[in-house]
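Peer 1:
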Amino acid sequence: MTEKKKIVRVTGVTKDFDLGKIVVKVLKGIDLEIEEGKYISIMGPSGSGKSTLFNMIGGLDKPTSGKVFIDEVDIAQLDAYELAWLRCRKIGYIFQTFNLIPVMTALENITIPMTFAGVSNDAALRRGMELLDQVGLTGRHTHRPSELSGGQQQRVAVARALANSPAIILADEPTGNLDLTTGEDIIRLLKELSLQRGVTVISATHDYKMLNVSDQVVWIRDGQVDKIQERDELDIRTGGLESARH
Amino acid sequence: MRRLVALPLSKSFQMAYQSIRVRFFRSLVTTTSLVLAVAFLTFTQAGNDITEGLLISQDPAFLQILSKIGYDVSPDAPSINSSPKQRWIVFLSLLVCVVGIINAQLMSVTERFREIGTLKCLGALDRFIVRIFVIEATMQGLAGGVVGALLGTLVALTASIFRFGSAAVSVMPWTDLGATIFYAVCTGTGLSLLGVLYPAIIASRMLPVEAMRVEQ
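Protein sequences, first through last, are from chains V and C.
Using the numbering used here, the first residue of the first sequence is number 1, and each one after it goes up by one.
Using the numbering used here, the first residue of the second sequence is number 1001, and each one after it goes up by one.
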């Protein structure tokens, strides 16, 4: 097998939260390499530090020590402008709570990142409509988030994340606020898009439905990488049983 | 090559306008306090302008009324200016107004923490956020300033017509009134900007993670 490009590299990352009297060590030295085009799930119980790790990879938070490389660039070295550029062009974010801008229509929500990236208005609108078609929301472009269901809002968020053709999509509990079938739809959509476009999808989750589509699962426990499983090592029985229980 | 993100001015205007339109009622409350303060400022100032106009006309009928209500109408009297007490009251009303605006804008920023965090995740720079808030405040300030100035002038005119009779209209110092309106609109806009500055800077400095953590 040829050596694939490492799109994300995390080396020795620790993160302490200073709560005044005590210092909480949330991450205790994480080393992780993520190959381009893979679908990765970061699994772990709540409080394990997976969201914190996730924020580090997304450049939303800075590690106490250690380095995070996106596309072989150390993000600690970037200034505010370059960081904004990275968030805008390289990374697409999907959140548990969708986080669409409530005052804007679906189409406008999708075009904001393109506006930031300097795409002309017409081109942005055209691409926005294409993306809406791709996520299965044809004809919903004038709807505000409040006029869409949870699943539809998350689809808009997926389209928004894809707007600037990022290399990485970071999805933080993308199915956390959705019911079972809607959640599965979103997972399937992410997987399809990952295959079609070769986008690396990294999702933090404790939803076992995610396991079925993941190429690699990173288990985080108590601020450390517990184990990394490839798809073929995954215990299918666990996936089946756990998803049935949900 | 420098990699830059951009937000064209037209787009900033559109976003600010949209935000005002959707939160119209809240904007209306903020703007109303501005309207009242500016109207009060214009009313006192325009009242002085009008009295001054009457005095300059040297019409005995007007002079009689003026001296009856307590003005010094002797030819060598100084021109009519706002008294220290008047200025103090106007100043206080403007101060109260600014505090009110800061309060309302802080609320509005808190309400939009998540939105601001999301924009930052999508690649917005700090100054895009400040710019959107400043444009919003300018729009509110202009609207509130214009309405307030017109309202204040209208009330001052009506009051003077009741007091001095309709003949007073012929000696109105229109240029002075125009200047008063202009300064009042500028003051209104300035106050609105003053009120939004601190909240906008707080909003823009927030790290995206903190903004996301806010429960809503």
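By construction, the Cβ of each residue, glycine as well, lies at the ideal position given by its N, Cα and C atoms.
Check whether the Cβ atoms of Ile70(V) and Val8(V) sit closer than 9 Å, and answer yes or no.
Peer 2: Yes; because the gap between Cβ atoms is below 9 Å, this pair is in contact.
Peer 1: Hey, is Leu1028(C)'s beta-carbon within less than 9 Å of any beta-carbon in chain V?
Peer 2: Taking Cβ atoms only, chain V never reaches closer than 9 Å to Leu1028(C), which makes this a no.
Peer 1: Could you tell me whether the region 88-108 of chain V touches the region 172-182 of chain V, using the rule of 3 or more Cβ pairs below 8 Å?
Peer 2: At 8 Å Cβ cutoff, the stretches touch.
Peer 1: Please list, in chain order, all residues of the same chain as His143(V) whose beta carbon is under 6 Å from its beta carbon, the five residues on each side excluded.
Peer 2: Excluding positions up to five away in sequence, the list reads Ala106.
Peer 1: Rounding to the nearest angstrom, what Cα-Cα distance links Val1220(C) and Ile1101(C) in this structure?
Peer 2: The structure shown does not extend to residue 1220(C), since chain C is modelled only from 1001 through 1216, so no value can be given for it.
Peer 1: What's the gap between the Cα of Asp1049(C) and the Cα of Arg89(V)?
Peer 2: In a straight line, the C-alpha of Asp1049(C) is about 58 Å away from that of Arg89(V).
Peer 1: Is it the case that the Cβ atoms of Ser1192(C) and Gly1141(C) are separated by a distance below 9 Å?
Peer 2: Yes, the Cβ-Cβ distance between Ser1192(C) and Gly1141(C) is below 9 Å.
Peer 1: Quick check on the DSSP output: what are the complete beta strand (DSSP E) runs of length 3 or more inside the region 128-212 of chain V, in order along the chain?
Peer 2: As far as the region 128-212 of chain V is concerned, its whole beta strand (DSSP E) runs of at least 3 residues are 168-172 and 200-205.
Peer 1: Can you tell me the Cα-Cα spacing of Val217(V) and Asp232(V), whole angstroms?
Peer 2: Taking the straight line from one Cα to the other gives about 11 Å.
Peer 1: So that I know if they touch, is there some Cβ in chain C lying closer than 9 Å to that of Ile40(V)?
Peer 2: No, Ile40(V) lies away from the interface with chain C (no Cβ there is under 9 Å from its Cβ).
Peer 1: Say whether the region 57-71 of chain V touches the region 157-171 of chain V, bearing in mind that this needs 3 or more beta-carbon pairs closer than 8 Å, one atom from each stretch.
Peer 2: The region 57-71 of chain V vs the region 157-171 of chain V: in contact.
Peer 1: In terms of residue numbering, what span does the beta strand (DSSP E) encompassing Ser65(V) cover?
Peer 2: Ser65(V) -> beta strand (DSSP E) spans Ser65 to Ile70.
Peer 1: Straight-line CA distance for Ile186(V) to Ala84(V)?
Peer 2: C-alpha separation (whole angstroms): 27 Å.
Peer 1: Leaving out the 5 sequence neighbours to the left and right, which residues in its chain are closer than 6 Å to Gly29(V) when beta-carbon positions are compared?
Peer 2: Gly12 and Thr14.
Peer 1: Quick one: what's Val24(V) bridged to in DSSP?
Peer 2: According to DSSP, Val24(V) bridges with Phe17(V).
Peer 1: Straight-line CA distance for Val1171(C) to Ser1093(C)?
Peer 2: Each residue's alpha carbon lies about 30 Å from the other.
Peer 1: Give the residues of chain C in contact with Trp219(V), contact being defined as C-beta atoms less than 9 Å apart.
Peer 2: What Trp219(V) touches in chain C: nothing, since even the nearest Cβ is about 23 Å away.
Peer 1: Look at the Cβ atom of Phe1062(C), then the Cβ atom of Leu1054(C), and state whether they are nearer than 9 Å.
Peer 2: Their beta carbons are under 9 Å apart, which means Phe1062(C) touches Leu1054(C) by this criterion.
Peer 1: The region 1120-1152 of chain C: which residues have C-beta closer than 9 Å to a C-beta of chain V, in chain order?
Peer 2: If the cut-off is 9 Å between Cβ atoms, the region 1120-1152 of chain C has Lys1120, Cys1121, Leu1122, Gly1123, Ala1124, Leu1125, Asp1126 and Phe1128 near chain V.
Peer 1: Is Ser1074(C) buried or exposed, if buried means 16 or more other CB atoms sit within 10 Å of its CB?
Peer 2: By the 10 Å Cβ count, Ser1074(C) comes out exposed.
Peer 1: Along the region 55-88 of chain V, where does the CB come closer than 7 Å to a CB of chain C? Name the residues.
Peer 2: So the close ones are Asn55, Leu60, Asp61, Ala80, Tyr81, Glu82, Ala84, Trp85, Arg87 and Cys88.
Peer 1: Taking 9 Å as the CB-CB cut-off, is Pro174(V) touching chain C?
Peer 2: Not one chain C Cβ lies under 9 Å of Pro174(V).
Peer 1: Under a CB-based cut-off of 9 Å, is Glu1052(C) close to chain V?
Peer 2: So, not an interface residue.
Peer 1: I'd like to know whether the C-beta atoms of Val225(V) and Leu32(V) end up nearer to each other than 9 Å.
Peer 2: For Val225(V) and Leu32(V), yes; Cβs fall inside 9 Å.
Peer 1: Taking Cβ positions only, does Val135(V) come closer than 9 Å to chain C?
Peer 2: It does not; no Cβ of chain C falls within 9 Å.
Peer 1: Gly44(V) to Ile1201(C), Cα distance in whole Å?
Peer 2: Distance between the alpha carbons of Gly44(V) and Ile1201(C) is about 37 Å.
Peer 1: Using 9 Å as the threshold, is the C-beta distance between Ser203(V) and Ser48(V) below it?
Peer 2: No, they are not a contact pair.
Peer 1: By the three-class DSSP mapping on this structure, what secondary structure does Asp74(V) have?
Peer 2: DSSP places Asp74(V) in strand when its eight states are reduced to three.
Peer 1: Apart from the five residues just before and just after Arg197(V), which ones in its own chain have a Cβ nearer than 8 Å to its Cβ?
Peer 2: Answer for Arg197(V): Leu162 and Ser165, listed in chain order.
Peer 1: Reducing DSSP to helix, strand and coil, say where Gly29(V) ends up.
Peer 2: If DSSP states are grouped into helix, strand and coil, Gly29(V) belongs with the strands.
Peer 1: Would you check if the distance between the CB atom of Leu1041(C) and the CB atom of Val1098(C) is smaller than 9 Å?
Peer 2: Result no, Cβ atoms of Leu1041(C) and Val1098(C) do not sit closer than 9 Å.
Peer 1: Ends of the alpha helix (DSSP H) at Asp1126(C)?
Peer 2: Where Asp1126(C) is concerned, the enclosing alpha helix (DSSP H) stretches over Asp1126 to Phe1164.
Peer 1: Who are the near neighbours of Gly176(V) in its chain, counting only those whose CB is closer than 6 Å to its CB and skipping five residues on each side?
Peer 2: Closer than 6 Å at Cβ, skipping near neighbours: Gln96.
Peer 1: Starting from Gly250(V), find everything on chain C with Cβ-Cβ shorter than 7 Å and list it in chain order.
Peer 2: No information on residue 250(V) is available, as it lies outside the stretch 1 to 246 that chain V covers here.
Peer 1: Can you check whether the CB of Tyr208(V) is closer than 9 Å to the CB of Leu968(C)?
Peer 2: Any question about residue 968(C) goes unanswered here, given that chain C covers just 1001 to 1216.
Peer 1: My guess is that Ser1027(C) and Ile1020(C) are in contact by the Cβ rule of under 8 Å, so how many angstroms apart are they, rounded?
Peer 2: Ser1027(C) to Ile1020(C), Cβ: 5 Å. Contact.
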